[in-house]
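S.K.: So that you can map any letter, position 91 of the sequence shown is 90 in numbering that gives the first Met the number 0, and since no number is skipped, the others follow by simple counting. All C-beta atoms in this analysis are idealised placements derived from N, C-alpha and C, irrespective of residue type, glycine included. No experiment lies behind these values; they were computed from the predicted model shown. This structure is in structure tokens; I'll ask about it shortly.
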Amino acid sequence: MTPAPPPAVRRLVATARTTRFRAERAAAGRGGGGARGLLAPVHLSIRDSRTLNVAVAALPDERVEGAQLVVSRGHRRFRVPLAAERHAHGGLLLAGTTTLRGLAEGVWRLTVVTADVRGRVRRRGIGVDGDAELPPTPTLLHAPDPRTGTLIRLVRCRSGRAVLQVTRSRPRAELVRFVPGGDGIVVHGRLVMAGASRRWRAKAVRRRDGVTVPVGAVWDGAEFSFRLPLREMAGASPGQWVWDFHVEGETSGASLPLGRWLSDVRDPSAACPTPFRVFALPGGALVRAHAHFTKSGAFALTCWDISKETS
Numbered sequence: 000m001t002p003a004p005p006p007a008v009r010r011l012v013a014t015a016r017t018t019r020f021r022a023e024r025a026a027a028g029r030g031g032g033g034a035r036g037l038l039a040p041v042h043l044s045i046r047d048s049r050t051l052n053v054a055v056a057a058l059p060d061e062r063v064e065g066a067q068l069v070v071s072r073g074h075r076r077f078r079v080p081l082a083a084e085r086h087a088h089g090g091l092l093l094a095g096t097t098t099l100r101g102l103a104e105g106v107w108r109l110t111v112v113t114a115d116v117r118g119r120v121r122r123r124g125i126g127v128d129g130d131a132e133l134p135p136t137p138t139l140l141h142a143p144d145p146r147t148g149t150l151i152r153l154v155r156c157r158s159g160r161a162v163l164q165v166t167r168s169r170p171r172a173e174l175v176r177f178v179p180g181g182d183g184i185v186v187h188g189r190l191v192m193a194g195a196s197r198r199w200r201a202k203a204v205r206r207r208d209g210v211t212v213p214v215g216a217v218w219d220g221a222e223f224s225f226r227l228p229l230r231e232m233a234g235a236s237p238g239q240w241v242w243d244f245h246v247e248g249e250t251s252g253a254s255l256p257l258g259r260w261l262s263d264v265r266d267p268s269a270a271c272p273t274p275f276r277v278f279a280l281p282g283g284a285l286v287r288a289h290a291h292f293t294k295s296g297a298f299a300l301t302c303w304d305i306s307k308e309t310s
């Protein structure tokens, strides 16, 4: 396994990516006749970085015979047919929906191509208002693809033109679900962009002092499951402690925190509240535990041994 790059290298890679995105946005925003040559969107959204929905108003004096949306980056492009329909407020509406698959990382340009009854072809971008601020909602405006982790966002160039910015996911350990039972908690998860052919292991890490407890995970390709070692975690030290969970390579490599990362939920701790439970472990020990999500989406467990308090 390739060792994890040091923090300085990771910062350098992140800076290079940001610089490249800035340059691509500047290039994608050029042309199109400036802000006056951009079409106003009636609706423009992306669902889970997988589905693009667009509806733009045609110019009042334009008799559109056919229209399509061209999504392009360099020499790569694909076309989306736009259906013409009457707008509820009058005028012509050009609308279409497409699945976003196979987009490489970078900035992709959106161009509406129309042809009138005389065969005249016009190419115009889609304009977005940079001053409009949406009110906060329980869900994020842009969410990653829950399968691949790729994030596709609608971004405004300086010229006012809307473009798609595609960012690949970094390696992640995604929690699928956890199942509390009478004598423990079983966790199910999967690796995303992390090389499923490598050998991995899981561990519990105690906050504040970094004490670790190995977790015996069962692997099936990129998917894994394990039972939380409640006895070992509660017995590591007296009192109540909070534990996080990580997946790491058996030889070397970065440690991946386990959590619910690929979601459009803004605050997983508020959206997925969980109760405290008492677990009767084999041997008679009683452990009070609280499996939960943090606000950032990390999976954590608060636990302590209450056998003496109940005896």
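1) Going by beta carbon distance, what residues of the same chain come within less than 7 Å of L229, once the five residues before and after it are set aside?
2) Thinking A284 and S306 are a contact (beta carbons under 8 Å), I'd like their distance in whole angstroms, please.
3) Give the C-beta separation of G151 and V55 to the nearest angstrom, bearing in mind that I take them to be a contact with Cβ-Cβ under 8 Å.
4) Note the first and the last residue of the continuous beta strand (DSSP E) segment covering T273.
5) Could you tell me which residues DSSP puts in a beta bridge with H74?
6) Classify A269: buried if its beta carbon has 16 or more other beta carbons within 10 angstroms, exposed otherwise.
7) Check whether the stretch 20-28 and the stretch 95-111 touch, using three or more Cβ-Cβ pairs below 8 Å as the test.
8) Can G181 and R167 be called in contact, C-beta distance under 9 Å?
9) What does the Cβ neighbour count give for P6, buried or exposed, with the cut at 16 atoms within 10 Å?
10) How far does the alpha helix (DSSP H) with G234 in it reach, from first residue to last?
11) Based on the DSSP output, what are the partners of R184 in its beta bridges?
12) Under 9 Å, do Q311 and R85 count as touching if we go by C-beta distance?
13) For the stretch 199-207 and the stretch 232-251, state whether three or more C-beta atom pairs, one from each stretch, are separated by less than 8 Å.
14) Taking only the alpha-carbon atoms, compute the straight-line gap between V210 and Q239 and give it to the nearest angstrom.
15) Mapping the DSSP letters down to three states, classify E247 as helix, strand or coil.
16) Given this structure, state the Cα-to-Cα distance separating G33 from R122, to the nearest angstrom.
17) Could you check whether V112 and V69 sit closer than 9 Å to each other, using their CB atoms as the reference points?
18) So which of A221, A299, W218 and R197 has the shortest CA-CA distance to T250?
19) Determine the direct distance from the alpha carbon of R205 to that of H141, and round the result to whole angstroms.
20) L11 by DSSP, collapsed to three states: which one?
21) Can you name the start and end residues of the beta strand (DSSP E) that H311 belongs to?
22) From D304 to G282, what distance separates their C-alpha atoms?
23) Do you know offhand how far D208's Cα is from M232's?
24) Which first and last residues belong to the beta strand (DSSP E) in which H291 is found?
25) Measure the C-alpha to C-alpha separation of G73 and R16 and round it to an integer number of angstroms.
26) With DSSP collapsed to three states, give me the class of A221.
27) Expressed to the nearest angstrom, what Euclidean distance is found between the alpha-carbon atoms of V212 and D266?
28) Please go through the same chain and pick out, in chain order, the residues whose beta-carbon is closer than 6 Å to the beta-carbon of R76, but skip the five residues on each side of it.
29) Does the Cβ of F275 have 16 or more other Cβ atoms within 10 Å, making it buried, or fewer, making it exposed?
30) Taking the C-alpha atoms as reference points, what is the distance between L37 and E64?
31) In terms of alpha-carbon separation, which member of A82, G101 and A114 lies closest to G95?
M.R.: Straight from the coordinates:
1) Counted from its first residue, the sequence shown places residue 229 at position 230. These residues qualify, in order along the chain: G183, F278, L280, V286, A288 and C302.
2) Taking the sequence shown and counting its residues from 1, one reaches residue 284 at position 285. Taking the sequence shown and counting its residues from 1, one reaches residue 306 at position 307. Sure, about 5 Å apart at Cβ, within 8 Å.
3) Sequence index remark: in the sequence shown, residue 151 carries index 152 (1-based). Sequence index remark: in the sequence shown, residue 55 carries index 56 (1-based). Residue identity check: residue 151 is Ile in the sequence provided, not Gly. Contact flag wrong, Cβ pair sits at about 19 Å.
4) The residue you call residue 273 lines up with position 274 of the sequence shown. T273 -> no beta strand (DSSP E), and no H or E assigned at all.
5) Numbered from 1 along the sequence shown, position 75 holds the residue referred to as residue 74. For H74, which the question treats as bridged, DSSP gives no partner whatsoever.
6) Sequence index remark: in the sequence shown, residue 269 carries index 270 (1-based). A269 comes out exposed.
7) yes
8) In the sequence shown, the residue the question calls residue 181 occupies position 182. In the sequence shown, the residue the question calls residue 167 occupies position 168. Not a contact, by the Cβ cut-off of 9 Å.
9) Along the sequence shown, one-based indexing puts residue 6 at 7. It is exposed - the Cβ of P6 has fewer than 16 other Cβ atoms within 10 Å.
10) Along the sequence shown, one-based indexing puts residue 234 at 235. Unbroken alpha helix (DSSP H) run through G234: L229 to G234.
11) As a first step, residue 184 is located in the sequence shown; it is residue number 185 there, counting from the start. For clarity, residue 184 is Ile in the given sequence; the question names Arg instead. Paired residues: P179.
12) Here the chain comprises residues numbered 0 to 310, so residue 311 is not present and cannot be evaluated.
13) yes
14) Indexing the sequence shown from 1 puts residue 210 at position 211. Indexing the sequence shown from 1 puts residue 239 at position 240. Taking the straight line joining both Cα atoms gives about 14 Å.
15) Start at 1 with the first residue of the sequence shown, and residue 247 comes out as number 248. Looking at E247 - three-state DSSP - the assignment turns out to be strand.
16) Taking the sequence shown and counting its residues from 1, one reaches residue 33 at position 34. Taking the sequence shown and counting its residues from 1, one reaches residue 122 at position 123. Residue placement at G33 is poorly supported in this model, since its pLDDT is 49, which falls under 50; the coordinates still yield a value, given next. Answer to the nearest angstrom: the Cα atoms are 12 Å apart.
17) Stepping through the sequence shown from its first residue, residue 69 is reached at position 70. Stepping through the sequence shown from its first residue, residue 112 is reached at position 113. In this structure, V112 lies closer than 9 Å to V69 by Cβ.
18) The residue labelled residue 250 in the question sits at position 251 within the sequence shown. Measuring from the Cα of T250, the nearest candidate turns out to be R197.
19) Sequence index remark: in the sequence shown, residue 141 carries index 142 (1-based). Sequence index remark: in the sequence shown, residue 205 carries index 206 (1-based). Looking at the two C-alpha atoms, the distance is approximately 32 Å.
20) Indexing the sequence shown from 1 puts residue 11 at position 12. Of the three classes helix, strand and coil, the one that applies to L11 here is helix, per DSSP.
21) With the chain covering 0 to 310 only, the question about residue 311 has no answer from this structure.
22) Position 305 of the sequence shown, counted from the start, is the residue given in the question as residue 304. Position 283 of the sequence shown, counted from the start, is the residue given in the question as residue 282. Taking the straight line from one Cα to the other gives about 13 Å.
23) Taking the first residue of the sequence shown as 1, we reach residue 208 at position 209. Taking the first residue of the sequence shown as 1, we reach residue 232 at position 233. About 13 Å.
24) Looking up residue 291 in the sequence shown gives position 292. From DSSP, the beta strand (DSSP E) with H291 extends over L285 to F292.
25) Within the sequence shown, numbered from 1, the residue matching residue 73 stands at position 74. Within the sequence shown, numbered from 1, the residue matching residue 16 stands at position 17. Using only the alpha carbons, I get a separation of about 17 Å.
26) Taking the first residue of the sequence shown as 1, we reach residue 221 at position 222. Coil, per DSSP.
27) Counting from 1 along the sequence shown, the entry for residue 212 is found at position 213. Counting from 1 along the sequence shown, the entry for residue 266 is found at position 267. Approximately 28 Å, taken between the alpha carbons.
28) For the purposes of this step, residue 76 is taken as the residue at position 77 of the sequence shown. The answer, listed in chain order, is V69.
29) Within the sequence shown, numbered from 1, the residue matching residue 275 stands at position 276. Exposed is the call here.
30) Numbered from its first residue, the sequence shown carries residue 37 at position 38. Numbered from its first residue, the sequence shown carries residue 64 at position 65. Approximately 19 Å, taken between the alpha carbons.
31) Against the sequence shown, residue 95 aligns to sequence position 96. Considering only alpha carbons, the answer is A82.
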